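Below is one structure, written out as C-alpha cells, with a few remarks after it.
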Amino acid sequence: MAVIRGLHVALNVTDLDRAAEFYGGLLGLELIDRPLKFPGLWYAIGDWQIHLIVAPRVVNTIQDDRWGRNAHLAIAVDDLETLKARLTEAGISWQASASGRVAIFAPDPDGNLLEFQQS
Numbered sequence: 124m125a126v127i128r129g130l131h132v133a134l135n136v137t138d139l140d141r142a143a144e145f146y147g148g149l150l151g152l153e154l155i156d157r158p159l160k161f162p163g164l165w166y167a168i169g170d171w172q173i174h175l176i177v178a179p180r181v182v183n184t185i186q187d188d189r190w191g192r193n194a195h196l197a198i199a200v201d202d203l204e205t206l207k208a209r210l211t212e213a214g215i216s217w218q219a220s221a222s223g224r225v226a227i228f229a230p231d232p233d234g235n236l237l238e239f240q241q242s
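According to this note's numbering, the stretch in the sequence shown is residues 124 to 242, in order.
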C-alpha cells in the first residue's frame, strides 16, 4: 500500500454566502459540482479540492500568536502582493510568516487559518 496524493480538505463554515464571497470572490477559486445533498460548496485548486461543509459553529483552533504554529491549510499563489491588498481591502487581517519565507497567514470568515505562499 502506498499513499499516492492528497485529494481534498474539508473545512466547516457557518454561512455559505459569506464563505462563497471569500473562497470564490476574494480568492477566485473555481466552484465545482458536488454530488451530495447536505449544504456545502466545493472548490478546485489544481488537482485537489476544498470542501466547505456547513456546521452550526466552527471551533477556532488559533492557539499561538504566531499563526504559522497553528493548524492551517497552505495554498500557493502567483501574486502574494495582490492577495495582501485584497485581504486588507476586505478588512481581513493577515500576518507575515515569522520564518522569513514569502508567505502570509489569514483566517477565512469562520476562523479557519490559511497560509498563502508566493509560488
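Ideal placement from N, C-alpha and C gives every residue a C-beta, glycine not left out.
Bear in mind the structure is a predicted one, so any value in this text is a computation, not a measurement.
How far does the beta strand (DSSP E) with Ala143 in it reach, from first residue to last? Premise fails: Ala143 lies in the alpha helix (DSSP H), 139-143, not in any beta strand (DSSP E).
By Cβ distance, which residues of its chain are closer than 8 Å to Pro162, with the 5 residues on each side in sequence left out? Leu139, Ile176, Val177
For the beta strand (DSSP E) holding Leu175, just list the boundary residues, first then last. 171-177
Looking at the strands, I want to know which residues DSSP matches up with Tyr280. For residue 280 there is no data in the structure shown, the boundaries of the chain being 124 and 242.
First and last residue of the uninterrupted beta strand (DSSP E) at Leu236: 236-241
In this structure, what does DSSP give as the bridge partners for His195? His195 is not bridged to any residue.
With a threshold of 8 Å between beta carbons, is Arg141 in contact with chain D? Given the protein chain composition of this structure (a single chain), no chain D is represented.
Ends of the beta strand (DSSP E) at Ala229? 226-230
Mark Glu204 as exposed unless 16 or more other C-beta atoms lie within 10 angstroms of its C-beta, in which case mark it buried. exposed
Inter-residue Cα distance where the pair is His174 and Tyr166: 7 Å
Could you give the DSSP three-state label for Ala133: helix, strand or coil? strand
Restricting to Cα atoms, I'd like to know which of Val200, Val126, Asn135 is closest to Asp231. Asn135
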